[in-house]
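Written as structure tokens, this is what we have:
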């Protein structure tokens, strides 16, 4: 390599690393604007913790969705899994019936099994992920309604309520800790393990991955299982947070999770995206919702503004990456 | 090729799923009544349909229950199918005030009596009898109780149902009428949480971050009231902010009994269901039935909650 060529490459690398920060800049901008508009409420430390707490459940779903989307798939069933696992968790959390471990294990297990079956359908049934998870979304919603007999399941133990409702040192909500731990494990698996690299290869070029000896089918089953399991966790946490299992909860949560992933700059066509994308995306969605609520913006305008910000954020990100979607 | 067929078959399966199950057609010639519910996915619709079913059993008539899945087109086709099969009478909780009118017109052409329950359609002249509540009255019962308990002054917040729905508009009108005579009360927040506990929880958490000194949060249903209550209790403001709900769901009743929720309001759901089924049977027998049967709301506080807990 001659010197000119080397320099050219150096330059490209520097510029690439700058491009990556596009979405972070957008995030800081929006936080800055909200701080200016409402300095007394928005910028308070308690509110900042509150925002991270409100981002947690979506952030956990988005972490699972990150794996699926990087592998080139999509998972529409997570909102329904949230409802089913929440209903199951609440059903086994009535006072004086089962130890706390039972609802925890059952609800997350149900999520994992649902995700595993999605993966089997995609990998071995060769059915497009959109269709598999659209079908399972509908079926699982039905199961949630059947298990709950159509109405919310309430009357849960204080210990169950504490799973999501408790605080560490009386200041940090447990929800925030679950979110941080999930994101950290997700990041580690995605960037530091062989499995993580294979998820990227499967999403980038499935045929090449297959030829190079990667067992593509197994990777696919694994990513849907991860997404389902994390949706099970999210359902458990939501049930604990609202102190009841509601079979109609979680509607359109899959869209929020996909929005978080997309805002975070992870390409829907698979194969690329950073581990922190979903974290930033989930935080951005929570920041916008919190800021607009604090400013007492009407619900109708909130929808308009949220949608516009999502598109603008992604547009800026795409532009800063130089049309490389 | 094999893969192609897999896609076709799976697509068909999904279509079948989305179309939902069509109710099994009754071939028997005996008089059959139909209950058409907008959906069966919350405590209210379950209680209502259970009441209609129990009355049908008591009167010894045959009743088929159809779940409209909150889809007007689906409810229309359910009614049309039932009319074709020669149903005796229709008791319907409409998915939409306008959307299902064509189906009701079909029923009228076939001279089948129609009773609407809980919510009427926008052409009430097509209906033989409407059994329901006045949402305006419900809202005013709730807000009056709130005003009495906070002593008629202070800052309050209101959680609304889905904007533009009948219940939201009616209950808001009831709120407005009551608030008109309390000039010392200021509504500082008013926002929809779409009947949902998790949305209300998030919204109230954010409101409380502003440090506004609220004295009451008035919610248009119990699901949202319980979300608000959770946010208030998490912020350790339970003794400062009173929360009010409406619907008298079992979990709200339990919260009233524990002294956490200030009050809820019963829509007399069971009574609506019983009266609607009774009216349908009377109409089939050719008896006279009042065109409108309005069931009153009941305020439930700690003092009388025990008689509502089953």
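Chains as they are written, first to last, in my numbering: chain S, 16 to 340; chain U, 161 to 470. Glycine is no exception: its CB is placed at the ideal position from the N, C-alpha and C atoms.
Pair within 8 Å by beta-carbon distance, residue 443 (chain U) and residue 215 (chain U): no
Counting pairs of beta carbons, one from the segment 272-292 of chain U and one from the segment 215-234 of chain U, are three or more of them closer than 8 Å? Verdict: no, contact absent.
So the candidates are S:202, S:310, S:233 and S:146; which of them puts its Cα closest to the Cα of residue 295 (chain S)? S:202
When burial is assigned at 16 or more other CB atoms within 10 Å of the CB, is residue 457 (chain U) buried or exposed? buried
How should residue 187 (chain U) be labelled, buried or exposed, when 16 other C-beta atoms within 10 angstroms of its C-beta is the threshold for buried? The predicted position of residue 187 (chain U) is uncertain, since its pLDDT is 38 and thus under 50; no value can be drawn from it.
I'd like to know if the segment 312-320 of chain U and the segment 339-349 of chain U are in contact, where contact means that at least 3 CB-CB pairs between them fall below 8 Å. yes
Do you know offhand how far residue 224 (chain U)'s Cα is from residue 260 (chain U)'s? 19 Å
Give the straight-line distance between the Cα atoms of residue 233 (chain S) and residue 138 (chain S), rounded to the nearest whole angstrom. About 8 Å.
Please classify residue 466 (chain U): does DSSP put it in a helix, a strand, or coil? In the three-state DSSP reduction, residue 466 (chain U) falls in the helix class (H, G or I).
Quick one: is residue 118 (chain S) buried, meaning 16 or more other Cβ sit within 10 Å of its Cβ, or exposed? So residue 118 (chain S) ends up on the buried side.
Looking at C-alpha atoms only, which residue of U:285, U:392, U:382 and U:252 is the closest neighbour of residue 356 (chain U)? U:382
Please tell me whether residue 305 (chain S) has its Cβ less than 8 Å away from any Cβ of chain U. At least one chain U Cβ lies under 8 Å of residue 305 (chain S).
With H, G and I counted as helix, E and B as strand and the rest as coil, what does DSSP make of residue 447 (chain U)? coil
So, does the CB of residue 418 (chain U) fall closer than 8 Å to a CB anywhere in chain S? Not closer than 8 Å to any Cβ of chain S, the Cβ of residue 418 (chain U) fails to qualify, so no.
Using CA coordinates, which residue listed in U:195, U:360, U:248 and U:290 is at the minimum distance from residue 270 (chain U)? U:248
Looking at C-alpha atoms only, which residue of S:305, S:215, S:40 and S:311 is the closest neighbour of residue 288 (chain S)? Closest option to residue 288 (chain S), Cα to Cα, is S:215.
Taking 8 Å as the CB-CB cut-off, is residue 206 (chain U) touching chain S? yes
I want to verify the contact list: residues of chain S whose CB lies under 8 Å from the CB of residue 387 (chain U), in sequence order. Here the neighbours are 257.
In whole angstroms, what separates the C-alpha of residue 257 (chain S) from that of residue 361 (chain U)? Near 8 Å, if we compare the C-alpha coordinates of residue 361 (chain U) and residue 257 (chain S).
Name, going along the chain, the residues of the segment 160-193 of chain S whose beta-carbon falls closer than 8 Å to a beta-carbon of chain U. For the segment 160-193 of chain S, the residues whose beta carbon sits under 8 Å from a beta carbon of chain U are, in order, 160, 164, 165, 166, 167, 169, 170 and 180.
Can the beta-carbon of residue 49 (chain S) be found less than 8 Å from the beta-carbon of residue 333 (chain S)? Cβ atoms of residue 49 (chain S) and residue 333 (chain S): not closer than 8 Å.
Which residues, in chain order, does the segment 370-394 of chain U contribute to contact with chain S at a C-beta distance below 8 Å? 370, 371, 383, 386, 387, 390 and 394
Distance CB(residue 325 (chain S))-CB(residue 274 (chain S)) smaller than 8 Å: yes
To the nearest angstrom, how far is it from the Cα of residue 203 (chain U) to the Cα of residue 85 (chain S)? Taking the straight line joining both Cα atoms gives about 40 Å.
Look at the Cβ atom of residue 320 (chain S), then the Cβ atom of residue 38 (chain S), and state whether they are nearer than 8 Å. no
Mind checking the segment 355-366 of chain U against chain S and listing, in chain order, the residues whose C-beta falls within less than 8 Å of any C-beta there? 356, 357, 358, 361, 362, 363, 365 and 366
Against chain U, does residue 104 (chain S) count as a neighbour if the rule is that its beta carbon must be under 8 Å from one of theirs? By this cut-off, residue 104 (chain S) is not an interface position.
With DSSP collapsed to three states, give me the class of residue 226 (chain U). strand
Hey, quick one: how far does the beta strand (DSSP E) through residue 193 (chain U) stretch, first residue to last? 192-197
Classify residue 28 (chain S) as buried or exposed, calling it buried when 16 or more other Cβ atoms lie within 10 Å of its own Cβ. With a pLDDT of 49 at residue 28 (chain S), under the threshold of 50, the predicted position of this residue should be treated as unreliable, though the coordinate-derived value follows. Residue 28 (chain S) is exposed by the Cβ-count criterion.
Are residue 162 (chain S) and residue 238 (chain S) closer than 8 Å when you measure CB to CB? no
Counting pairs of beta carbons, one from the segment 416-430 of chain U and one from the segment 212-230 of chain S, are three or more of them closer than 8 Å? no
Pairs of beta-carbons, one from the segment 190-210 of chain S and one from the segment 144-154 of chain S, closer than 8 Å: are there three or more? Here the segment 190-210 of chain S makes no contact with the segment 144-154 of chain S; the two share fewer than three CB pairs at distances below 8 Å.
CA nearest to the CA of residue 183 (chain S), picked from S:56, S:170 and S:64: In terms of CA proximity to residue 183 (chain S), S:64 leads the group S:56, S:170 and S:64.
Could you list the residues in the segment 282-312 of chain S with a C-beta less than 8 Å from some C-beta on chain U, going in chain order? From the segment 282-312 of chain S, only 304, 305, 308, 309 and 311 have a Cβ closer than 8 Å to chain U.
Just verifying my parser: in three-state terms, what is the DSSP assignment at residue 346 (chain U)? strand
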